[in-house]
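S.K.:
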Amino acid sequence: MVQHLIERCLLLRMSCEQCIKALEEHAKIRPQVTLTVWRELLKENRGFFHAYFHGLSSRPLLRRSTYQG
0 MVQHLIERCL LLRMSCEQCI KALEEHAKIR PQVTLTVWRE LLKENRGFFH
50 AYFHGLSSRP LLRRSTYQG
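Residue numbers (numbering that gives the first Met the number 0): 0 to 68.
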């Protein structure tokens with residue numbers, strides 16, 4: 000179950016920290032559990048995570064528009 004939720008976080012382009020926080024808040028999963036599963040996925044899928052982290056670091060920062068039109 001945790002792996003599936005982490006995969007959904009990845010589809011939403013979340014960082015590890017964002018994923019840990021989201022799973023704690025919305026699924027009541029302890030951060031240590033999420034981190035342990037994240038690390039195992041990282042170990043098993045190094046190539047994917049290398050590309051994923053590269054994609055995250057090169058994406059532009061999103062700003063909320065202050066326009067209230």
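Glycine included, C-beta positions come from ideal geometry on N, C-alpha and C.
Using a threshold of 8 Å, state whether the C-beta atoms of T33 and C18 are closer than that.
M.R.: yes
S.K.: Short of 8 Å in beta carbon distance, which residues of its chain neighbour R29, apart from the five on each side in sequence? Order them along the chain.
M.R.: For R29, where only same-chain residues beyond five positions count, the Cβ hits under 8 Å are E23.
S.K.: Could you give the distance in angstroms between the alpha-carbon of C8 and the alpha-carbon of G46?
M.R.: 18 Å
S.K.: Return the CA-CA distance between L4 and F52, expressed in angstroms with no decimal places.
M.R.: For L4 and F52, the distance between alpha carbons rounds to 18 Å.
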